[in-house]
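Numbering-wise, this note's numbering puts 100 at position 115 of the sequence shown, and it's gapless, one number per residue. All C-beta atoms in this analysis are idealised placements derived from N, C-alpha and C, irrespective of residue type, glycine included. The structure displayed is predicted, hence computed values, not measured ones. Inspection log for the structure reproduced underneath, given as structure tokens.
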Amino acid sequence: MASIKRDDHKQKWEETEFPLVCETCLGDNPYVRMTKEPHGKECKICETPFTVFAWQAGTRGRLKKVEICRTCARTKNVCQVCIYDLQYGLPVAVRDRVLSEEGSAGAVSAVPQSDANRSWYNAQNERAIEQGSAGAVPGTRAALKLQSMARMEPRYERNLPKLCSFFARGECNRGSKCPFRHELPRDRNDPLSKQNTKDRFYGSNDPVADKMIGRRKEREEKRREELKARGEEGDERAVSTLYMRFVDAKKEGEAAPAGPPPPRVTEMDIRDKFYSHGEISSVRMHKDFGAFVEFTTAEATELAIASANRTDIKGRKIYVNWARQPKRGNEAAARQREVAQRTSAGGGAGPARPVAPPGGMKAGSTVPLGFAPARPPAEVTAAAAAHSASSAGLVPRVNAAPSVGVPRPGGGLLGVPRPGGGPIRRAGGNAARSAAPKPYYPSADPGRLGSMAAQNASR
């Protein structure tokens, strides 16, 4: 029988049908038996009675239950059990600090701690939730940085049972039937052993958040030192290239997962996924792991990362982030690999490359990457060889390939110039020299035309 709430205070008591929790807190078992207790306890933040849900988190997990009400959880967009952000899997202190640093401080909501202000704050949030306007959208830079720090993969070790205090004193006599873990506890001075729900929710005195922020600073300083040692300053990420990784991609040496193989994603599928964010310059993909997608502008890359991260292509979930610039010593190798990949992807033909004109390069010069020196046809080479031999007074070999002459519009032949050009001579200056023989065209052979062809066939 439903309880009758007559006064205004009881009107604010929360009644929900399902908790707002993350995947880690639900556990690894897809079949969950959950108990529901209306108005089971007070919220640890707003002190309002709410519906308590409890369940066993996985096959080896402990019994877990919600700690804060649904209204407070939706206000901060956090899980009702672990108080971690539902979108990025980060503590509230880490998320709010990144938002403040990247110019999205308006997305951070400060919860009042006095009773009167907290009641007014909760009423405003409930009204905003009903209207669908709760929560501020962070900026693009803040969203990209949070995505690079996100920890969305389930961490089921957080659901393990608590430590057995009797085992730590050497007095536990349950053995393998003990529902608690038989491990020695951490040092009492360890800050990670002192955690509570209120500090996690308000983002103050959270040892887990402090540890994550410290690690992030160390990584940034290490990268800055590496760039300075290589003589490079600034950001190491690529200007307009993103990296797309498949979540179900297996690492090297790992066995293939059980079940049917995932669908193959082609380059056209990737282009169809990202074409709406901007003009795509190139796509370099690996069929098993992911792909590099290069846009023409950095703004298009930022929009693609913010929009396509943790989406799917053909049912395969993907992670999208900035690609890193190649090291200075590996730029040429990276370009060669890119040209080789494009050639192999096009069936060996490859895209049309710019061609250097004949004679436009010296014999000892190196060919730039991406250019192909032009080679004259065999007929032109033979004509040039015959021309050189006649100029030197040499008799050409009998088995030499016939050279070519270009017919004039009014009759006669026009000598073919040497590759690379040559000096301009007066008309009639080469009359004494032997002219190159006419080229052989089967269609112009009189022995292959009309009655002559029939007579030759009858013989």
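ask   = Expressed to the nearest angstrom, what Euclidean distance is found between the alpha-carbon atoms of W40 and R18?
value = 6 Å
task = Starting from the Cα of M137, find the closest Cα among T182, V232 and R126 and give me that residue.
result = V232
request  = Classify A42 as helix, strand or coil using the three-state DSSP reduction.
outcome  = coil
request  = Measuring alpha carbon to alpha carbon, tell me which of Y16, C64 and C54 ends up nearest K43.
outcome  = Correcting the residue type first, residue 43 is Gly in the shown sequence and not Lys. It is Y16.
message = Cutting at 6 Å between CB atoms, please list the residues of its own chain near A(-13), excluding the five before and the five after it.
response = At A(-13), the pLDDT of 49 sits below 50, so the modelled position is not reliable; the number obtained from the coordinates is stated separately. Taken in chain order, the list of residues that qualify is empty.
task = Starting from the C-beta of V224, find all residues in its chain whose C-beta is less than 7 Å away, skip the five residues before and the five after it, and write them out in chain order.
result = A283
task = Assuming V77 and V96 form a contact by the criterion Cβ under 8 Å, report the distance between their Cβ atoms to the nearest whole angstrom.
result = At roughly 10 Å, the Cβ-Cβ gap does not stay under 8 Å, so V77 and V96 are not in contact.
query = Do the CB positions of F186 and I30 come within less than 9 Å of each other?
reply = yes
ask   = Alpha carbon to alpha carbon, what distance is there between F277 and K147?
value = 44 Å
query = Quick one, are the C-beta atoms of V6 and E22 less than 9 Å apart?
reply = no
inquiry  = So, for P247: in the same chain, excluding its five sequence neighbours on each side, which residues have a beta-carbon less than 6 Å away from its beta-carbon?
reply    = D233 and R301
message = For a test of the three-state rule: what should DSSP assign to G25, helix, strand or coil?
response = strand
task = Check the C-beta distance from T281 over to E264 and give it rounded, since I have them as a contact under 8 Å.
result = 5 Å
task = In the DSSP assignment, find the unbroken beta strand (DSSP E) run with S267 in it and report its ends.
result = I265 to H271
Where T226 falls, given that 16 or more other Cβ within 10 Å makes a residue buried = buried
Separation of E203 from W105, as counted between CA atoms = 41 Å
query = D59: which of E27, P4 and E206 sits nearest, CA to CA?
reply = What sits at residue 59 in the sequence shown is Arg, not Asp. Taking only the C-alpha atoms, the option nearest R59 is P4.
message = To the nearest angstrom, how far is the alpha carbon of V83 from that of Q310?
response = 24 Å
ask   = Which two residues bound the contiguous alpha helix (DSSP H) that contains A101?
value = D100 to Q116
query = With 16 as the cutoff for other CB atoms within 10 Å, does G46 come out buried or exposed?
reply = buried
key: Alpha carbon of C28 to alpha carbon of G74, nearest angstrom   = 22 Å
ask   = To which residues of the same chain is M197 closer than 6 Å at the C-beta, ignoring the five residues directly before and after it?
value = V79
ask   = Is DSSP giving T60 helix, strand or coil here?
value = helix
task = State the start and end residues of the unbroken alpha helix (DSSP H) segment that holds F151.
result = S150 to R154
Helix, strand or coil at K258 [DSSP, three-state] = helix
request  = For the alpha helix (DSSP H) holding F186, just list the boundary residues, first then last.
outcome  = T182 to Y187
query = Just the Cα atoms here: how many angstroms apart are L11 and S267?
reply = 41 Å
ask   = For V305, does the three-state DSSP call read helix, strand or coil?
value = strand
inquiry  = Taking the alpha carbon of E287 as the reference point, which residue from I53, G25, Q132 and Y69 has its own alpha carbon closest?
reply    = Q132
ask   = Taking the continuous beta strand (DSSP E) assigned at A454, which residues delimit it?
value = No answer is possible for residue 454: the residues shown for the chain start at -14 and end at 444.
ask   = Can you tell me the Cα-Cα spacing of Y228 and D297, whole angstroms?
value = 14 Å
message = Here's the rule: buried if 16 or more other CB atoms are within 10 angstroms of the residue's CB, otherwise exposed. What is E2?
response = exposed
key: Length of the line joining the Cα atoms of N174 and Q116   = 47 Å
ask   = Between A416 and A363, what straight-line distance do the alpha-carbon atoms span, to the nearest angstrom?
value = Reliability fails at A416, whose pLDDT of 47 lies under 50, so the model's placement of it is uncertain and no value is given.
task = Report the partner residues of L48 according to the DSSP bridge assignment.
result = Q41
inquiry  = What would DSSP say about T366, mapped onto helix, strand or coil?
reply    = helix
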